[in-house]
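**Q** Numbering (our numbering), first residue to last: 200 to 501. The beta carbon of each residue, even a glycine, is placed where N, CA and C say it ideally should be. Quick caveat: nothing in here was measured; it's all calculated off a predicted structure.
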Amino acid sequence: MRPYLLLTAVLPLTQGIRIVQTHYNGWAEANLRTLFNVLSNSGHQVVLSAPALAYDSNRIFDEELEIVKDGCVHNSCPEGSPPIGANATDPRLNYVNSYTQVAVRYGIRAMGPRLWHGKKPELVLLGPDFFNALGFFQYFSPSMRAAMSVATNEGIPAIVFDGATGSPTPWHDPTPLHSKIYAELAADITSTIIRSGRPLLPPSTIIYVNFPSVTDRRCNDTSQFRYILTRNEALEINDDVGAFWCDATNFPFDTDVIARQNECFVAISPGDAIDAAESLAMSVQEEFINKLRPILSCLPEI
Numbered sequence: 200m201r202p203y204l205l206l207t208a209v210l211p212l213t214q215g216i217r218i219v220q221t222h223y224n225g226w227a228e229a230n231l232r233t234l235f236n237v238l239s240n241s242g243h244q245v246v247l248s249a250p251a252l253a254y255d256s257n258r259i260f261d262e263e264l265e266i267v268k269d270g271c272v273h274n275s276c277p278e279g280s281p282p283i284g285a286n287a288t289d290p291r292l293n294y295v296n297s298y299t300q301v302a303v304r305y306g307i308r309a310m311g312p313r314l315w316h317g318k319k320p321e322l323v324l325l326g327p328d329f330f331n332a333l334g335f336f337q338y339f340s341p342s343m344r345a346a347m348s349v350a351t352n353e354g355i356p357a358i359v360f361d362g363a364t365g366s367p368t369p370w371h372d373p374t375p376l377h378s379k380i381y382a383e384l385a386a387d388i389t390s391t392i393i394r395s396g397r398p399l400l401p402p403s404t405i406i407y408v409n410f411p412s413v414t415d416r417r418c419n420d421t422s423q424f425r426y427i428l429t430r431n432e433a434l435e436i437n438d439d440v441g442a443f444w445c446d447a448t449n450f451p452f453d454t455d456v457i458a459r460q461n462e463c464f465v466a467i468s469p470g471d472a473i474d475a476a477e478s479l480a481m482s483v484q485e486e487f488i489n490k491l492r493p494i495l496s497c498l499p500e501i
């Protein structure tokens, strides 16, 4: 275990992989674009495919897509734009006039392979969204549902990132501090997973990450953060069957970790991609421990 974050910039170089990114609040969101830039600058082949508008919904439709009647979110495309479009100078940046699950599916099956000579992504990243989805409320997260669909229907590992701080912000505005911090933390977790080897995640699982709030005075530098392996308190779990970690047989609840507001703890919750309410087998929990071990810390007692 390590007590503090080692910045992505000074980590050993991670072999670049193919990544599709999405965000329920649209393709022009600052959080999404900031992470896109960090990942791309780290050598990854990243394709962004997100809704044209802010679609905070779990719904998925296969009906014919319609033109973007009133233009894209943050005025990022004009009125009457086609249902699917890309940045005029960067084909890696794409929108789909539909919901998150549909947009990411287009990224996996169309946009990505078109730029990668027919190859599909090796990893899908969602967020960072600007709210914490903890406990029972995580089940209503559109990003979580999209991640579960990616893992089960496409067979591609998926990680969701949520941050306590933030609100809708255009990509061309000055980059907020929280966007920079969350992007670096997300890239660090992603790099750790990649370096852990294949498969990137155990089959039919996802990771749900919650970042704490960021202010000018608190949690304002990545060196202040510590990663805690957690579980969702709404899980149907037997307290006697968890993997042994940090002198306990179960991970702490994500709600308890994020509630420690005087600390900069990141809650990393592995989950079942088929049944969100099902706890993971002990052997699968141990796989996650081993994959994330280089960056994990134990939650100090209060």
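1) Please classify Gly362: is it buried, with 16 or more other beta-carbons within 10 angstroms of its beta-carbon, or exposed?
2) At what residues does the alpha helix (DSSP H) containing Gly311 begin and finish?
3) Rounding to the nearest angstrom, what Cα-Cα distance links Ile494 and Pro469 in this structure?
4) Please report how far the alpha carbon of Asp328 lies from the alpha carbon of Ser378, in whole angstroms.
5) Quick check on the DSSP output: the alpha helix (DSSP H) that includes Pro341 runs from which residue to which?
6) Under 8 Å, with one C-beta from each stretch per pair, do the region 230-249 and the region 292-300 reach the 3-pair mark?
7) Out of Ile488, Pro499, Met343, Arg417, point me to the one whose CA is closest to Thr364's CA.
8) Do the region 366-382 and the region 226-241 make contact, defined as three or more Cβ pairs closer than 8 Å?
9) Near Phe487, which residues of its chain fall below 6 Å by C-beta distance, leaving aside the five closest residues on each side in sequence?
10) Per the contact definition of three or more C-beta pairs closer than 8 Å, is the region 272-281 in contact with the region 300-307?
11) Closest to Glu265 by C-alpha separation, out of Val237, Gly215, Ala382, Pro282, would be which residue?
12) Pick helix, strand or coil for Ser239, following the three-state DSSP scheme.
13) Please list the terminal residues of the continuous alpha helix (DSSP H) segment that includes Phe487.
14) Taking Ala382 as part of the alpha helix (DSSP H), name the residues at either end of that continuous run.
15) Rounded to a whole number of angstroms, what is the C-alpha to C-alpha distance between Leu210 and Leu491?
**A** In short, the structure shows the following:
1) Buried is the call here.
2) Residues 311-314.
3) Rounded to whole angstroms, Ile494 to Pro469 spans 15 Å at the Cα level.
4) Distance between the alpha carbons of Asp328 and Ser378: 10 Å.
5) Its alpha helix (DSSP H) spans residues 341-348.
6) Three or more Cβ pairs closer than 8 Å define a contact, and the region 230-249 meets that threshold against the region 292-300.
7) Out of Ile488, Pro499, Met343, Arg417, Arg417 has the C-alpha closest to the C-alpha of Thr364.
8) Contact between the region 366-382 and the region 226-241 is present, because at least three Cβ pairs lie under 8 Å.
9) Counting only residues of its own chain and dropping the five nearest sequence neighbours on each side, Phe487 has a CB closer than 6 Å to the CB of Pro469.
10) Touching, no.
11) With distances taken between Cα atoms, Glu265 lies closest to Pro282.
12) Secondary structure of Ser239 (DSSP, three-state): helix.
13) Segment 481-491, the alpha helix (DSSP H) holding Phe487.
14) 376-394 is the extent of the alpha helix (DSSP H) around Ala382.
15) Low confidence applies here, because Leu210 scores a pLDDT of 41, under 50, leaving its location unreliable; read the following figure in that light. For Leu210 and Leu491, the distance between alpha carbons rounds to 14 Å.
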